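Participant:
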Amino acid sequence: MEQKDHFVGIELIEEEFKKILDAKTGSPGSPFALTSAASKEVGAGINTGIQAHYNHAAMFDSMSHFFSRDNVGLPGVSLFFKVAAQVERNDAYLMADFLTKRGQHPVVGATHSPPRDFNFDSCSAVLGCFIKALAIAKVEYQKVSDLYKIATQAGDVHAVDFLCNTVRAVSYKMNQGAHYIAHLKIVEDNKLAMKEFDRRLPFELEDLAMAAGLESTLPSRLMMGSIMRAQMQQTKAFDFGKDAAESMRARAAFNQIV
Numbered sequence: 082m083e084q085k086d087h088f089v090g091i092e093l094i095e096e097e098f099k100k101i102l103d104a105k106t107g108s109p110g111s112p113f114a115l116t117s118a119a120s121k122e123v124g125a126g127i128n129t130g131i132q133a134h135y136n137h138a139a140m141f142d143s144m145s146h147f148f149s150r151d152n153v154g155l156p157g158v159s160l161f162f163k164v165a166a167q168v169e170r171n172d173a174y175l176m177a178d179f180l181t182k183r184g185q186h187p188v189v190g191a192t193h194s195p196p197r198d199f200n201f202d203s204c205s206a207v208l209g210c211f212i213k214a215l216a217i218a219k220v221e222y223q224k225v226s227d228l229y230k231i232a233t234q235a236g237d238v239h240a241v242d243f244l245c246n247t248v249r250a251v252s253y254k255m256n257q258g259a260h261y262i263a264h265l266k267i268v269e270d271n272k273l274a275m276k277e278f279d280r281r282l283p284f285e286l287e288d289l290a291m292a293a294g295l296e297s298t299l300p301s302r303l304m305m306g307s308i309m310r311a312q313m314q315q316t317k318a319f320d321f322g323k324d325a326a327e328s329m330r331a332r333a334a335f336n337q338i339v
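Printed below as a string of structure tokens:
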């Protein structure tokens, strides 16, 4: 009996060895890390998600520009949608990185042009835009859940784990949106209350804005995304420090970890 008969899976290893050896550097048609366990259907679904995130980001950017106009004058709401847009772009990059790391190829298509004005017949512009943001999150939740089922049926364990984290992030978006909408429905007709809401928003966004900014330039090696990064800061899993020097040391240590 040959020695290789005692080596479980030796034929598969030799097959993979030949594939990797024959793969050409720089050739998109022969990735090194791609395995048969990576579902093509899941990869296509994640690429659809990448495009959706870029479209959402464009929509939120347009909302941010609308509320920053001098004749609208709601800088806090403008900042909310500016941060939301960055979170969406970060999510798109996160999905693209996921595909790349397992040997699949992210695809970026043309982004739809969003409207410039946001006026609604049945509610204020602020409430309408927050409702639209929640509607986007709910549809995203459904799409990710559907893709999770496909990944489970395909036995794509790597994708199942990634999509579980994605669902948690979308759940946060839905909870955040519902919280603001409940408040806005109560104070919608009170201009002073609306201005107070606008004034308070930047303080509530501090952790998420910091996380989104870091994620856009120094993506987490743990592939946690903007929202999980913000939640870790909120629960003091990481503390960026109170003074500038301490904050820089904390951020340096944080970035080494993730």
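FYI, in this note's numbering the residues of the sequence shown are 82 to 339. Here a beta-carbon is modelled for each residue, glycine too, at the ideal position from N, C-alpha and C. Keep in mind it's a predicted model, so treat the numbers as computed, not measured.
Looking at the structure shown, is Leu-279 part of a helix, part of a strand, or coil, going by DSSP?
Facilitator: Here residue 279 corresponds to residue number 198 of the sequence shown, with the count starting at 1. For clarity, residue 279 is Asp in the given sequence; the question names Leu instead. Here Asp-279 sits in helix by DSSP.
Participant: DSSP state of Phe-211, grouped into three classes?
Facilitator: Against the sequence shown, residue 211 aligns to sequence position 130. Helix.
Participant: Is it buried or exposed, Ser-159, if we count other Cβ atoms within 10 angstroms and call 16 or more buried?
Facilitator: For this step, residue 159 is matched to residue 78 along the sequence shown. Burial call: buried.
Participant: Cβ atoms of Tyr-222 and Val-251: under 8 Å apart, would you say?
Facilitator: Position 170 of the sequence shown holds residue 251. Position 141 of the sequence shown holds residue 222. Cβ distance < 8 Å, so Val-251 and Tyr-222 count as in contact.
Participant: The ligand SAM and Met-309: does any heavy atom of the ligand fall closer than 7 Å to the residue's C-beta?
Facilitator: As far as ligands go, the structure on display features none, and thus does not contain the ligand SAM.
Participant: Among Leu-155, Phe-284, Lys-121, Lys-99, which has the Cα closest to the Cα of Gly-184?
Facilitator: If you number the sequence shown from 1, residue 184 lands on position 103. Selected option, being the one with the closest Cα: Lys-121.
Participant: Please state whether the Cβ-Cβ distance between Ala-235 and Val-123 is less than 8 Å.
Facilitator: Your numbering for residue 235 matches position 154 in the sequence shown. Your numbering for residue 123 matches position 42 in the sequence shown. For Ala-235 and Val-123, yes; Cβs fall inside 8 Å.
Participant: When you compare only the Cα positions, how much space is there between Ile-91 and Lys-99?
Facilitator: As a position in the sequence shown, residue 91 is number 10, starting the count at 1. As a position in the sequence shown, residue 99 is number 18, starting the count at 1. Near 12 Å, if we compare the C-alpha coordinates of Lys-99 and Ile-91.
Participant: For Thr-181, count neighbouring Cβ atoms within 10 angstroms of its own Cβ and tell me buried if that reaches 16, exposed if not.
Facilitator: Looking up residue 181 in the sequence shown gives position 100. Exposed, because fewer than 16 other Cβ atoms sit within 10 Å of the Cβ of Thr-181.
Participant: Are Phe-296 and Asn-171 touching if we call contact CB-CB under 8 Å?
Facilitator: Position 215 of the sequence shown, counted from the first residue, corresponds to residue 296. Position 90 of the sequence shown, counted from the first residue, corresponds to residue 171. Rather than Phe, the amino acid found at residue 296 in this sequence is Glu. In contact: Glu-296 and Asn-171 (Cβ atoms closer than 8 Å).
Participant: Where does Met-309 fall in DSSP's three states?
Facilitator: Mapped onto the sequence shown, residue 309 falls at position 228. Met-309: helix per DSSP, three-state reduction.
Participant: Distance check for Pro-156 and Ile-131, CA to CA, integer angstroms please.
Facilitator: The sequence position of residue 131 within the sequence shown is 50, counting from 1. The sequence position of residue 156 within the sequence shown is 75, counting from 1. Looking at the two C-alpha atoms, the distance is approximately 28 Å.
Participant: How far does the alpha helix (DSSP H) with Ala-263 in it extend, from its first residue to its last?
Facilitator: The residue labelled residue 263 in the question sits at position 182 within the sequence shown. Counting along the chain, the alpha helix (DSSP H) containing Ala-263 begins and ends at 238-268.
Participant: Should Ala-309 and Asn-246 be called a contact, given that it needs their Cβ atoms to be closer than 8 Å?
Facilitator: For the purposes of this step, residue 309 is identified with residue 228 of the sequence shown, where counting begins at 1. For the purposes of this step, residue 246 is identified with residue 165 of the sequence shown, where counting begins at 1. Checking the displayed sequence, the identity of residue 309 turns out to be Met instead of Ala. Yes.
Participant: Taking only beta-carbon atoms, is Phe-162 less than 8 Å away from chain D?
Facilitator: Absent from the structure: chain D. Only one protein chain is present.
Participant: Give me the Cα-Cα distance between Ala-166 and Gly-294, rounded to the nearest whole angstrom.
Facilitator: Sequence index remark: in the sequence shown, residue 166 carries index 85 (1-based). Sequence index remark: in the sequence shown, residue 294 carries index 213 (1-based). Ala-166 and Gly-294: Cα-Cα distance of roughly 11 Å.
Participant: Runs of 3 residues minimum, wholly inside the segment 125-207: which ones carry the beta strand (DSSP E) assignment?
Facilitator: For the segment 125-207, not a single whole beta strand (DSSP E) run of length 3 or above is found.
Participant: Is it right to say Glu-169 is buried, meaning 16 or more other beta carbons lie within 10 angstroms of its own, or is it exposed?
Facilitator: One-based indexing of the sequence shown puts residue 169 at position 88. So Glu-169 ends up on the buried side.
Participant: Just verifying my parser: in three-state terms, what is the DSSP assignment at Thr-106?
Facilitator: Stepping through the sequence shown from its first residue, residue 106 is reached at position 25. It is coil, neither helix nor strand.
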